[in-house]
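Visitor:
There are 2 protein chains.
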Amino acid sequence: MNDLQKKRHTFAHLLAAAVLKLYPDARPTIGPPTDNGFYYDFAFSTPITDADLKKIEKQMKKTINTWETMEVRVVSEEEARAQFKDNKYKTELIDGIVAADQEITFYTAGDFTDLCEGGHAAEPKKELDMKAFTLASLAGAYWRGDENNDQLTRIYGYAFNTKEELDAFMVMREEAKKRDHRKLGKELDLFTTSDVVGSGLPLLTEKGAVLRRVLERFIVDEEIKRGYKHVYTQDMAKVELYEKSGHYPYYKDSMYAPIDVDGERFMLRPMTCPHHFELFSSKPHSYRDLPLRYAEIAKLYRYEQSGELSGLMRVRSFNLADAHIFCADPEQAGSEISSALDLIDFVAEKFGLTMGEDYWYSLSLGDRTDDKKYFKDEAAWDTAEDILRNVLEKRDCHYVENEGEAAFYGPKIDIQMKNVLGKEDTAFTVQYDFVMPKRFDLKYKNASGEDQECVVVHRSSIGALERIIAFLIERYAGAFPFWLSPVQVKILPITSEIDDYAFEVKKELEKVGVRVDVDNDSETLGKRIRSAQKEKVPYMLVVGKEEVENKTVTVRARDNQEQIKLTIDEFISNYCTNLI
Amino acid sequence: MNDLQKKRHTFAHLLAAAVLKLYPDARPTIGPPTDNGFYYDFAFSTPITDADLKKIEKQMKKTINTWETMEVRVVSEEEARAQFKDNKYKTELIDGIVAADQEITFYTAGDFTDLCEGGHAAEPKKELDMKAFTLASLAGAYWRGDENNDQLTRIYGYAFNTKEELDAFMVMREEAKKRDHRKLGKELDLFTTSDVVGSGLPLLTEKGAVLRRVLERFIVDEEIKRGYKHVYTQDMAKVELYEKSGHYPYYKDSMYAPIDVDGERFMLRPMTCPHHFELFSSKPHSYRDLPLRYAEIAKLYRYEQSGELSGLMRVRSFNLADAHIFCADPEQAGSEISSALDLIDFVAEKFGLTMGEDYWYSLSLGDRTDDKKYFKDEAAWDTAEDILRNVLEKRDCHYVENEGEAAFYGPKIDIQMKNVLGKEDTAFTVQYDFVMPKRFDLKYKNASGEDQECVVVHRSSIGALERIIAFLIERYAGAFPFWLSPVQVKILPITSEIDDYAFEVKKELEKVGVRVDVDNDSETLGKRIRSAQKEKVPYMLVVGKEEVENKTVTVRARDNQEQIKLTIDEFISNYCTNLI
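Quick mapping for you: the protein sequence lines, in order, are chains Z and H. Note that our numbering has the first sequence beginning at 4, numbered continuously upward. Note that our numbering has the second sequence beginning at 4, numbered continuously upward.
1) Let me confirm a value: M239 of chain H is counted as buried when at least 16 other C-beta atoms fall within 10 Å, else exposed. Which label applies?
2) Can you list, in chain order, the residues of its chain with a C-beta nearer than 6 Å to that of R559 of chain H? Leave out the 5 residues immediately preceding and following it.
3) Could you tell me the alpha carbon to alpha carbon distance between Y253 of chain H and L303 of chain H, rounded to whole angstroms?
4) Just the chain Z side, please: which residues come within less than 8 Å of Y235 of chain H by C-beta, in chain order?
5) Of all the beta strand (DSSP E) runs that stay within the bounds of the region 506-579 of chain H, which reach a length of 3 or more residues?
6) Do F45 of chain H and T156 of chain H have their C-beta atoms closer together than 8 Å?
7) I need the DSSP call for I586 of chain Z, collapsed to helix, strand or coil.
8) Taking the Cβ atom as the reference point for each residue, do E456 of chain H and K441 of chain H lie within a distance shorter than 8 Å?
9) For a cutoff of 8 Å on Cβ pairs, would you count S313 of chain Z as touching chain H?
10) Considering just the uninterrupted stretch of the alpha helix (DSSP H) at Y447 of chain H, what are its terminal residues?
11) Identify the residues that DSSP records as bridge partners of R296 of chain H: which are they?
12) Starting from W363 of chain Z, follow its DSSP beta bridges and name the residues at the other end.
13) State the Cα-Cα distance for the pair E82 of chain Z and T69 of chain Z, rounded to the nearest angstrom.
14) Could you please give the first and the last residue of the uninterrupted beta strand (DSSP E) stretch that includes I494 of chain Z?
15) Using a Cβ cut-off of 9 Å, pull out every chain Z residue sitting near S320 of chain H, in sequence order please.
16) Which of the three DSSP states, helix, strand or coil, is assigned to D584 of chain Z?
17) Determine the direct distance from the alpha carbon of G148 of chain Z to that of P50 of chain Z, and round the result to whole angstroms.
18) So, L204 of chain Z versus R317 of chain Z, is the Cβ gap smaller than 8 Å?
19) If you run the structure through DSSP and keep just helix, strand and coil, what is D503 of chain Z?
20) Specify the secondary structure class of I51 of chain Z as computed by DSSP and reduced to three states.
21) Would you say K65 of chain Z reaches chain H, if we count a Cβ-Cβ gap shorter than 8 Å as a contact?
22) So if DSSP puts K232 of chain Z in a beta bridge, which residue, or which two residues, is it bridged to?
23) Assign P414 of chain Z to buried or exposed, taking buried as 16 or more other Cβ atoms, counted over all protein chains shown, within 10 Å of its Cβ.
24) Quick one: is D263 of chain Z buried, meaning 16 or more other Cβ sit within 10 Å of its Cβ, or exposed?
25) I'd like to know if F329 of chain H contacts chain Z, where contact means its C-beta is closer than 8 Å to some C-beta of that chain.
26) Looking only at its own chain, which residues have a Cβ that is under 8 Å from the Cβ of Y290 of chain H, when we skip the five neighbours before and after it?
27) Spatial neighbours of Y251 of chain H within its chain, please: C-beta separation below 6 Å, excluding the five flanking residues on both sides.
28) With 8 Å as the threshold, decide whether the Cβ of L346 of chain H is near any Cβ in chain Z.
29) I think Y159 of chain H touches Y42 of chain H, with their Cβ atoms under 8 Å apart; what is that distance to the nearest whole Å?
30) For the beta strand (DSSP E) containing D428 of chain H, list its first residue and its last residue.
31) Enumerate in chain order the residues of its own chain whose CB-to-CB distance from A125 of chain H is below 8 Å, with the five nearest sequence positions on each side excluded.
32) Within the same chain, show all residues whose beta-carbon is closer than 6 Å to that of S140 of chain Z, passing over the 5 residues directly before and after it, in chain order.
33) Within 10 Å of its beta-carbon, does Q154 of chain Z have 16 or more other beta-carbons around it, so buried, or fewer, so exposed?
34) Count the other C-beta atoms from every protein chain shown that fall within 10 angstroms of the C-beta of T555 of chain Z, then say buried if there are 16 or more, exposed otherwise.
35) Report yes if the CB atom of P333 of chain H is closer than 8 Å to the CB atom of I416 of chain H, and no otherwise.
36) With a threshold of 16 other CB atoms inside 10 Å of the CB of A387 of chain Z, please say whether the residue is buried or exposed.
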């Protein structure tokens, strides 16, 4: 635990101390540090509200004055049980420590003692900046995260080294809130949910559907240009398929229950690989066919706990831009992995992402000592890891190495991205696979006419469409670049006499594929401009008598007061370029 | 039963008589007429083979000479049971007739007597043209179609009024066999199946995927041009959604078993309607928003018995070009239905289909006396049926009327198509719905600010993509028009020195979006031309030294010996037009 995490952990204790002072019959349970602060879960006898947080904060600021030091003491089982005899949660924790034959330690600051494993500021009063923390919110939580257990009240806090850091975080958080794709998704009418459809199964409205369609066609066309063969396989298959691939034991818990059809068990697919392998195996292949790149916008189903679901980011069904490249040998796999990274860099550039800042690569290696998690084949792991490292070394790219993060069938390159809150996450991966070709008997005839095993590269180019849409909504704060905008141009006729001309202009723009609306509502022009700005439409074309006479439009960008008069053709050739 | 069907039924009896003559211990069961002949199911003591069919045919031609008349006689239960005491199948049929309290009739010709309901040629020897029939094939069949019963041997025959009709049918059948989309799908490498994926779940290869992608983009773009809003909803939802729509009891048997998720039951959707209704209900609507046309390429799941499955034509999961149009009132619904038919005619023309010949409309009306099958609302049915009839009357189209074929929520127009065997089938429908708007409370604010119920039009434009692909494979016998062809152009360099130029030409064509391959295999040019013809590639470009020097290509169409020399630009502008 680093110093900041130790401080945050100490803040959690301080919170518990303050709560006990104010609510003596509350029962503290556990309180760890988090990425930006801390939380503590309590069993309250009567519920508290957000309004109580200020009071608790005030008490924390009072209590800290008595916290000169944080003392640790190893105690006997008896002493521990006596101290927490009225707290069944702590008693249960003690049971666990005793069962595991570990030391029981108490941490005491001021008059507050907690059962704890440690990791604290040694001199809380001196080290904790009481202006660098704030209590943030209340939430429900289950004891030990299990919904069959008691429901507890979780108090979240933010804490940093300095007030400046806290302020900066709060500003970023405010900005992130504004950019939250769930909030913008509603405001911009991009997606919605339905109770009778179900959680984690969002519906894309006509505007959200434009985002998906444009992204899907963009990536499919780009992949075809780069030699991928796009195919369509099925979203469900017999359980046997996932048993054959060996995925079943690993994915069982995140797959939906089987569906019985004529006595056979079918499953919604959690991954595409075995489907592409079956397609590959449906005909013989020669070395001249390789590398063979099967790609698909594949609908996948993964079970996620309802508490994990979030907008388009964490869903129960998603569409992955997936591909499996059948290679003749490790060298060819290396060259294909390099090409896959070229495509990823190309896509990232299209979204204005900077390597090393917005995204980077992480080389995930196998932990060779773990035979259960990793397929045993030292030589194959050596070859594969060398190839991946070489590919990365040769590129102008940022990457880190991580041991023990590989897939069970080989090492991989994770594409790491940072979201608006600065949080890092694996967006998708490029994987080297020397195991599946054995399981699926993926072979080709080499130049000497002999059967030879393929190496398979699994890769995505853009990840899941739902997730990249969520990411882009937040990145652009809903103000999408022209090519992605659901509505690209809005035409605003000043009066109803101009309607005909407005629709004429619309027709001209539609001819070149522009997504354009006319807003001839009875509202004032000012109101209609504000409404188009709120919708974040890239360009408004205001048209009145003068425009009709000169066959022009007055162009106004969404983020700009400036107005420019242009002919329709000029507008098209200067503004409506880069349509995808 | 018409005269031809009576003759076919008589042929079935004649077949049974001949079989009993040759195989006295065979047990005849049932033998009805079919669309192009007849069959009879037998229990044989030892299996027969295709080679035996000639012998049986010969015996039929002998036996017919004794069949001057066909006599009918009502018999007692006792006589019937005595006659068939050694035939448990006929005995079971007698049980059924007795239980239903019906007359038992025997039909006798020559020395052959069968238990039968009738429908025969009165004078078989005179009426049956023994040159106008043939025994076609053997197949396995279960007694009463139930796989738990005994397996029987079915003998199929074709029979017509004249030899000319039979010959014409056999020619068409041969042609249909050649065009069978399952056969061509394999030969042209368009789709495949996998035992571990499952029956009725075909996989589209890279070439088949082109057909789907091109058709999908064609119809989506055309619909958007015509004011449809394409959306994406989910392929599964809670059972409640289908209960709410009232579909559940009607579709239960053709839906897959529910999937349990966190104690809730989810189902794979058998139809799109309730999903679009939920999307509509997610926000308020004004009369100014209507008509609102939600469209989607919707993946649907329907359970089909494994015996019913066939290639891409009958599958367990398909993608329907679906739409639901929310209309302000019946008049608007009428106008939208008319526009939907415009789109259907447009698409049909694109496929070269002729109204009245290849396709026509069928107006399906409700049977008002059937309260169980049809929603009770006389006035609404009257209005809806008038509107549909008016729409059809006003068009230059062929249509027929069918009572009792409507959906439970309103009348519809079926789009009937003829396949290569001349068989008529409903390809898809346009439906008028006044029931779902009540169930889903589909309302909008009318011009006076009051809530008013919508009328919904359900429609497809092209049907299921899988099915239309199967239809088009058979229609074009795999020789797709240029815009649909998986590979549009194949470049054949005469020698390997020309390879560079071949790939240069490829690049030029790819720039304008042509799907093009280079075949520089070591085979002779003649062999490569034949291979491209077999693949039914629309154009081959042969390039040699002369072409390199003059920057030209020698164009050869798939169905033509003629060769034309053109510059690359000339080829593009003359041959690569109409890319979609």
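Just so you know, even glycine gets a beta-carbon here, dropped at the ideal spot from N, CA and C. Treat the numbers as computed from the prediction; the structure is a model and nothing was measured.
Guide: So, from the listed chains and residues:
1) buried
2) For R559 of chain H, the CB contacts under 6 Å within the same chain, skipping 5 residues up- and downstream, are M543 and Q566 in chain order.
3) 16 Å
4) L206, L207, G211, A212 and R215
5) Segments of the beta strand (DSSP E) lying fully in the region 506-579 of chain H: 519-521, 542-546, 555-560 and 566-570.
6) yes
7) Residue 586 of chain Z is absent from the structure shown; chain Z starts at 4 and stops at 583.
8) yes
9) With a threshold of 8 Å between beta carbons, S313 of chain Z makes no contact with chain H.
10) For Y447 of chain H, there is no enclosing alpha helix (DSSP H); the residue is found in the beta strand (DSSP E) stretching over K446 to K448.
11) H:I328
12) When beta bridges are read from the DSSP output, W363 of chain Z appears opposite Z:Q419.
13) 24 Å
14) Its beta strand (DSSP E) spans residues V492 to P496.
15) Q237, D238 and M239
16) Residue 584 of chain Z lies beyond the stretch modelled for chain Z, which goes from 4 to 583, so this question has no answer here.
17) 19 Å
18) no
19) helix
20) coil
21) no
22) Z:Y297
23) buried
24) With fewer than 16 other Cβ atoms within 10 Å, it is exposed.
25) It does not; no Cβ of chain Z falls within 8 Å.
26) A331, Y447, K448, N449, A450 and Q455
27) Y245
28) no
29) Confirmed, Cβ separation roughly 5 Å.
30) E427 to D436
31) T72 and M73
32) If we look at S140 of chain Z and ignore the five residues flanking it on each side, its Cβ neighbours are Y159.
33) exposed
34) buried
35) no
36) Classification for A387 of chain Z: buried.
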